[in-house]
Amino acid sequence: MKILLITQNFYPEIGSGANRLKNLYTHLSKDNDVDVLTTPPTYPNQKLYQEQKYWDEPDIDRSPEILRLKMRIDKQSKSLKMRVLYYMELAYKVWLYVKRYQCDYDVVYVTSPNIFLPWATFFAQKKQAGVKKVLEVRDLWPDSVKEIEKLKINWFFPILKRMEKQIYKLADKIIVNNEEFKDHILRITPKKEILYLPNSLQKSEIDFKEANGSFKVIYTGNIGLAQNYEQIKEVADYLEQNKIIFNIIGYGAYAHELRDIIEEQNMKYVTFYDEKSREECLELTRNHNVALSLLKESEVFLRVLPGKVVDAIGSGVPVVSNLSGYSADLINHSNVGFSKPKATTADIIKMIKEIKDNPDLEKEMRLNARKLTEDLFIWENNILSLNGFLKD
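The following block contains the structure:
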């Protein structure tokens, strides 16, 4: 098959979205002819990618199949108006490319977020015989945007919901990275073919080993509007007071504020690290006893399965979280950690202490994480399901 992948986030960007699409490209390319339509790396900031350590895939670096759109408007602008204009420019350029070249492909595969790319791929586009249009849903937009308090969209939220429904109906097939998204989509378009394809790890990334030295807790990834920033701070305060090592690798809206607090209070057991490459994050995660995932108290966010949770499981590290729904059931029933829906800070501390005070429990959770990873979270296995789904 000849496949076009359309994504805003792609290698060498950090974050689960870019890593997911890099793996889709890498593994689909083994049996298919795959192009990627994307942008130059800018997440979480453009300057980061001046460091050579992020460009660690020479085959992708040299590939003529990676088509990076040149953007005139700065995505990093602090002006909301300019950022909206950036997304409109991106959508227009994607719309033009799809309009001109979709007939050259068997599959046009577009991922959201951001939602502007599916709009450009599906709206005002001529239906081409023999071309399947596949939508990947990694976020229930616009519900997730509405839950972010700083973005007030109530006045045109009904319009956005209608556009969401139309995209689901226009897609020939849909892929989700969260099992619970299926029910939401099937309520809108009951007969739609949907494949659950979770975030995963490559076999080469999986390495299980015992954590050395003192008991350690880690938090990796975004500290932004969808995360429970106040709870992360409260956990940090408790761990500092109780002389428990807490390492944070963070970026996002509140990352600098948290780093400043740690420095101002001269914390000795809490350490903040700036952005690191994926391999650096995985290597550091493996040497911890607990990995945290704390999201904002909203069902829209708490029902996701964050990439950091999958990475922790794939590293054999017990997870402590406030997730709910499928993700909480997966963590608790598989006994790879603890997840309590809408957990208070006291609940989070209690779960951390239970693992700290029970080495045999931690060992059991690590063994269970290995089995769960082998069953669900290996790209080389999961890509076979995706290949079959796209061909049918």
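Per the UniProt record's numbering, numbering of the sequence shown is gapless, rising by one per residue and ending at 392.
Here a beta-carbon is modelled for each residue, glycine too, at the ideal position from N, C-alpha and C.
Cβ-based neighbour list, residue i, same chain, cut-off 7 Å, excluding 5 preceding and 5 following
i    : result
V34  : I3, L5, Y25, L28 and E65
C281 : T220 and I249
Contacting residues, own chain, Cβ-Cβ under 6 Å from residue i (five flanking each side not counted)
i    : result
A255 : I223
I175 : E136, L195 and L197
I248 : Y219 and F272
S321 : S293 and S339
P142 : L160
R138 : N177
Residue closest to residue i, alpha-carbon to alpha-carbon, out of the options
i    : options                   : result
P44  : D274, I262 and L69        : D274
Q231 : F377, D392 and A346       : A346
Y168 : P158, G388, T189 and F181 : T189
Y54  : A18, F123 and A171        : A18
L367 : P318, K356, P341 and L330 : P318
D74  : R259, Y251 and Y86        : Y86
D207 : I14, P158, S63 and L284   : L284
D260 : R286, I244, V304 and K233 : K233
P341 : K268, S324 and V304       : S324
Expected contact under 8 Å - CB spacing of residue i and residue j to nearest Å
i    : j    : result
F116 : L90  : 6 Å
L295 : N228 : 6 Å
D172 : K126 : Their Cβ separation, rounded to whole angstroms, is 14 Å, which puts D172 and K126 out of contact at 8 Å.
Q102 : V94  : Their Cβ separation, rounded to whole angstroms, is 11 Å, which puts Q102 and V94 out of contact at 8 Å.
N335 : E364 : 7 Å
Coil, strand or helix - residue i by DSSP
i    : result
F340 : For the record, residue 340 in the displayed sequence is Lys; it is not Phe. Note: K340 maps to coil in three-state DSSP.
I188 : helix
F116 : helix
F156 : helix
F377 : coil
D139 : coil
L323 : coil
F246 : strand
D274 : coil
T345 : helix
V304 : coil
G221 : strand
8 Å Cβ shell around residue i - same chain, five flanking residues per side excluded
i           : result
E380        : H27, Q202 and K203
residue 394 : Residue 394 is absent from the structure shown; the chain starts at 1 and stops at 392.
residue 403 : This structure cannot speak to residue 403, because the chain is shown only from 1 to 392.
D56         : P12, S277 and E279
Below-8 Å beta-carbon distance, residue i vs any chain C residue
i    : result
N335 : As a matter of chain content, chain C is missing from the structure shown, which is built from one protein chain.
Segment contact, 8 Å Cβ cut-off, at least three pairs: the stretch 273-290 with the stretch 214-223
These segments touch.
Counting Cβ pairs, one atom from each stretch, are 3 or more of them under 8 Å apart for the stretch 313-327 and the stretch 370-379?
By the Cβ rule, the stretch 313-327 counts as touching the stretch 370-379, because three or more pairs are nearer than 8 Å.
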